[in-house]
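Student: Next up is a structure, given as structure tokens.
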Amino acid sequence: MQTTLIRRLALPVLLFGALLALTAPARASLLTDVQTLNGQATTLKDYLTATNLATDPVCSRLVEANRQARALVNGIAAVDANLAAPLTIDSTTLDALDQLSVTTLALANESTRLSLDLGTLSTVANALTIKDGITAMLQLSDDIGAMADRIGEMSDKILTMSDDIGLMADRIIITQQLQNQNVALTTQSVLATQTNALALVSVLEDSSYNVSIANLIVAGTQLAAEMQALTLKAWTLDTQMATVATDVRGFLTQVQALRTTLASDASLNTMTFTPTGLAQLTDLSAMLAGLGTAVDGYVIAIGGLQAITASPTLYDSLKSMLQLSADIGVMANRILEMGDQILVMADNIGMQADLILATQSAMNGNVAGVQTSILGAQTFAVSLIAARSL
Amino acid sequence: MRIKLLAPIAVVLSLFSLPSQASLTTDLQGLVAGLTTLKTQLTGINVTAPGSCTQLGTLNTSIENYNASVSGITAQLPSPLTLTTTDLTSLADLSNLARGMSSEAVRLSQDLRTVEGVYQAFEYQAALSAMLRLSDDIGTMANRILEMGDRILVMADNIGLMADRILITQQLQNSNVALTQAAILTTQQNMVALSDSLSTIAYNLTLGQLKIDTQALSDQMGGTTLTSSNMASQLATLETATTALLTRTVSLYTWTMQTSQGASHYIDGDTLTLLGDLSTLNKTLATALANYANAINTLAPLTNSTVLSDATASMLRLTRDIGTMADRIVEMGDKIIVMADNIGVMSLRIVDTQNLQQSNIVLTQNSVLTAQSVTLTVIKNFGL
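Quick note, the sequences are listed as chains A and B, same order. According to my numbering, the first sequence is numbered sequentially starting from 511. According to my numbering, the second sequence is numbered sequentially starting from 161.
Given below as structure tokens:
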């Protein structure tokens, strides 16, 4: 009788023990998971706290922060996806959830601090560094916002899967209130970070250079026409070539001035491309062809005149020829560099990709043509100096 | 007698010209050594390794400083100067090194193509910018070297003697610059080809449909009156509709997230308006939930435990789903602006939308919290 009673009691006890054994690991696992997530979040917070954008490399430091933040978001999503009903929650688990929410708020506050640091840095760092920094800050605030959302959603999910809500109701409400408050503050910090980052955006439209480029095209075309119209004479060859070399040098100064303005703007702004601006760049490089043609003409003309030209006159002419070739080469390079610089500054490359490629190809082709003319002129001048022992 | 007088003058002149010539030779050799170091640094960069953006950034700065040195030497060339074979060899070496570096830039741009989809969008964009800057700097360097060669030629006083050697150097430099420019163009083409842009208009149709559906759910919730007998069934019906809407919202969010990985976004104003409208509608849904929770609390003493248990369980799931939906709408906006192409033009509009979304999400979360708190109190008080 006693044995039967023990047997009767033993079965439910064993079953209860087995159930306890099955549910305990799940609960322990959730607690461990949340604690691990909090550990990761604390590591990221420490990393952000130790980040000083004034002294650390902006790009790699923020890339690493973004990687950690993304890993954390994925970690939270994985824990959330593995939650299975029924869950038994206790105060320790809720404490861990509270702590995770508090750490997330601290992360959001750190990202706001970094966005302010980036603002200070924008007065000294170049536009590309700031551009990377702005994108990184937006990405970081996106990740931290997502993190706060996922934690809130995980808590809501835990709530729907819990089997002891009634017993823990008061404690759960405290957690939910804390989370709600933290999410509101986190969202506020994320918004402040985004607003700070967006305030640093400084974009120029390429049309700002339309007038300057158009003026250069007009001046360059006029110079090429004058150079091509010049009839060289054996007895005035040196003075004629010196005048042309001076005119070319003057025009080079104008090209270099625009290049300097562009380089200075590039240090402070990014740029939005328009088809008109790109077409102007192509036209600017095409203008160089006229100068190249004029140089080719001089090679032919001086070649014809050299036999009847006095050595000192010829030598001075050839030196002028070398100088104007060098200057046209510098000019061609500066124009090509302007195209490259604008491409570096561009923030809408994707939108105009085909047009940009066409412009770059056309500019390269035009500059290569001029370089060939310059090499021809230099080869001619050097060979003639050697042949005439000048 | 005349020769005797000229001899000391020649010696004095040679003393003046020797240091400048020696200085040019030393300067050119220093430039060759410096460029060799830069090329070694470039060769050692692996764009797939962590921290490559810092390496590229540091190298870009070094190249810019190097270019300034070349320009400085060019600006201070003495006139006249006497060219030596060593100088011309240095010029040829510089030109070869610059060409070699442009080939390395092409290699890096090709490597970067292989990490597309592996990197986060931001890292990828930073690497693209750094590569474009690198090719710009290498192109400038090749130009400066060629220009220095040209300037040296203009100032040289022994062109006739060195003509053959000069022509070889000039031809080599010219062909190297052409090859360098071609390599830079290839790098730029690789980078530009990787830059994809998507107008957010692509999302507007789905966002518009979501807005219609959310409005319909809001109307449905507004038209639902809970009683002690129908609360479980009514909430179950609403739960089904909400889950379906959440699925569509998450699906659009996933699409946005995937496209943000591979393309930048050109933000359309209507997209921002729709995102703002949706967050306002979500706030209305959450307000309705808070009202339901209060209704359930009032009706609870008159309601059957099973019905009440089902209703409270539905309420908790509804708060979860509507909370998640509201979160996803805000996150969608965050994703889009991270990779925005026209951020400068739209920045004020973006900040306005973000402000609207922020105030809506706070109100939504407050209503969700109220609904949850009241529901939990009911569960506790009625031992459900």
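No residue lacks a Cβ here, since even glycine has one placed at the ideal position from N, Cα and C.
Against chain B, does A/P567 count as a neighbour if the rule is that its beta carbon must be under 9 Å from one of theirs?
Tutor: Yes, A/P567 lies at the interface with chain B (some Cβ there is under 9 Å from its Cβ).
Student: Quick one: what's B/M291 bridged to in DSSP?
Tutor: DSSP lists no partner for B/M291.
Student: Of the residues A/L593, A/A776, A/Q881 and A/S795, which one's Cα is nearest the Cα of A/D543?
Tutor: For A/D543, the nearest C-alpha among the options comes from A/L593.
Student: For A/M781, which beta-bridge partners are listed by DSSP?
Tutor: According to DSSP, A/M781 bridges with A/L714 and A/A856.
Student: If you compare alpha carbons, which of B/L358, B/S295 and B/Q201 is closest to B/D428?
Tutor: Cα-wise, what sits closest to B/D428 is B/L358.
Student: At a CB-CB cut-off below 7 Å, which residues of chain B make contact with A/M861?
Tutor: Per Cβ cutoff of 7 Å: S357, Y426 and D501.
Student: Using a Cβ-Cβ cut-off of 8 Å (strictly less than) and excluding sequence neighbours within five positions of A/L742, which residues of its own chain qualify?
Tutor: Counting only Cβ-Cβ distances below 8 Å, and skipping sequence neighbours, we find Q750, M751, Y808, A811, I812 and L815.
Student: So, using beta-carbon positions, are B/A323 and A/A799 closer together than 9 Å?
Tutor: Result no, Cβ atoms of B/A323 and A/A799 do not sit closer than 9 Å.
Student: Work out the CA separation of B/L272 and B/C213 for me, nearest whole Å.
Tutor: Answer to the nearest angstrom: the Cα atoms are 12 Å apart.
Student: Measure the Cβ-Cβ separation of A/G839 and A/V880 and say whether it is below 9 Å.
Tutor: Yes.
Student: For B/S239, name the three-state secondary structure that DSSP assigns.
Tutor: Three-state DSSP puts B/S239 in coil, outside helix and strand.
Student: Can you confirm whether the segment 332–349 of chain B touches the segment 295–302 of chain B when touching is taken to mean that 3 or more C-beta pairs between the two stretches lie within less than 8 Å?
Tutor: As far as the Cβ criterion goes, the segment 295–302 of chain B touches the segment 332–349 of chain B, which means the pair count is three or higher.
Student: Which stretch, first to last residue, makes up the alpha helix (DSSP H) that contains B/Y452?
Tutor: Counting along the chain, the alpha helix (DSSP H) containing B/Y452 begins and ends at G429 to L459.
Student: Determine the closest residue to A/S712 out of A/A776, A/L597, A/G787 and A/L768, with distance taken between C-alpha atoms.
Tutor: Closest option to A/S712, Cα to Cα, is A/A776.
Student: Cutting at 6 Å between CB atoms, please list the residues of its own chain near A/K641, excluding the five before and the five after it.
Tutor: Hits under 6 Å: T780.
Student: Do A/Q658 and A/N576 have their C-beta atoms within less than 9 Å of each other?
Tutor: Note that residue 658 of chain A is Ala in the sequence shown, not Gln. No; because the gap between Cβ atoms is not below 9 Å, this pair is not in contact.
Student: In angstroms, rounded to a whole number, what distance separates the CA positions of A/D600 and A/V583?
Tutor: Answer to the nearest angstrom: the Cα atoms are 24 Å apart.
Student: Runs of 4 residues minimum, wholly inside the segment 553–626 of chain A: which ones carry the alpha helix (DSSP H) assignment?
Tutor: Listed in chain order, they are 568–592.
Student: Can you look up B/L358 in the DSSP assignment and give me helix, strand or coil?
Tutor: In this structure, B/L358 counts as strand in the three-state DSSP scheme.
Student: Looking at the strands, I want to know which residues DSSP matches up with B/Y426.
Tutor: Its beta-bridge partners are B/S359.
Student: Quick one: grab the DSSP three-state call for B/L500.
Tutor: The displayed chain sequence assigns Ala, not Leu, to residue 500 of chain B. Of the three classes helix, strand and coil, the one that applies to B/A500 here is strand, per DSSP.
Student: Can you tell me which of B/D481, B/A460 and B/R509 puts its alpha carbon nearest to the alpha carbon of B/G493?
Tutor: Minimum Cα distance to B/G493 is reached at B/R509.
Student: When the Cβ atoms of the segment 678–696 of chain A are set against those of the segment 523–533 of chain B, are three or more pairs found closer than 8 Å?
Tutor: Segments in contact, yes.
Student: In whole angstroms, what separates the C-alpha of A/G549 from that of B/L306?
Tutor: Spanning the two alpha carbons is a distance of roughly 57 Å.
Student: Can the beta-carbon of A/T553 be found closer than 9 Å to that of A/Q578?
Tutor: Result yes, Cβ atoms of A/T553 and A/Q578 sit closer than 9 Å.
Student: With a threshold of 9 Å between beta carbons, is A/N843 in contact with chain B?
Tutor: Chain B, which has a Cβ nearer than 9 Å to the Cβ of A/N843, makes this yes.
Student: Which of the three DSSP states, helix, strand or coil, is assigned to A/S899?
Tutor: Coil.
Student: In chain order, what residues of the segment 864–875 of chain A put their CB closer than 8 Å to some CB of chain B?
Tutor: From the segment 864–875 of chain A, only I866, L867, Q870, S871 and N874 have a Cβ closer than 8 Å to chain B.
Student: Measuring CA to CA, which of B/D481, B/L268, B/E491 and B/Q514 is closest to A/S665?
Tutor: It is B/D481 whose Cα lies nearest to the Cα of A/S665.
Student: Quick one: complete alpha helix (DSSP H) runs, 4+ long, within the segment 664–711 of chain A?
Tutor: The segment 664–711 of chain A contains these whole alpha helix (DSSP H) runs: 675–709.
Student: Under three-state DSSP, which class holds A/A872?
Tutor: Helix at A/A872.
Student: Just the Cα atoms here: how many angstroms apart are B/Q546 and A/V854?
Tutor: Since the displayed chain B opens at 161 and closes at 544, residue 546 of chain B lies outside it and no answer follows.
Student: Compare the C-beta of A/T780 with all C-beta atoms of chain B and state if any pair is closer than 9 Å.
Tutor: Chain B, which has a Cβ nearer than 9 Å to the Cβ of A/T780, makes this yes.
Student: With 16 as the cutoff for other CB atoms within 10 Å, does A/V728 come out buried or exposed?
Tutor: Exposed, by the Cβ-count rule.
Student: Is A/D566 near A/T685, with beta carbons less than 9 Å apart?
Tutor: No, they are not a contact pair.
Student: Whose CA, out of A/T763, A/G662 and A/D826, lies closest to the CA of A/D748?
Tutor: Among A/T763, A/G662 and A/D826, the Cα nearest to that of A/D748 belongs to A/D826.
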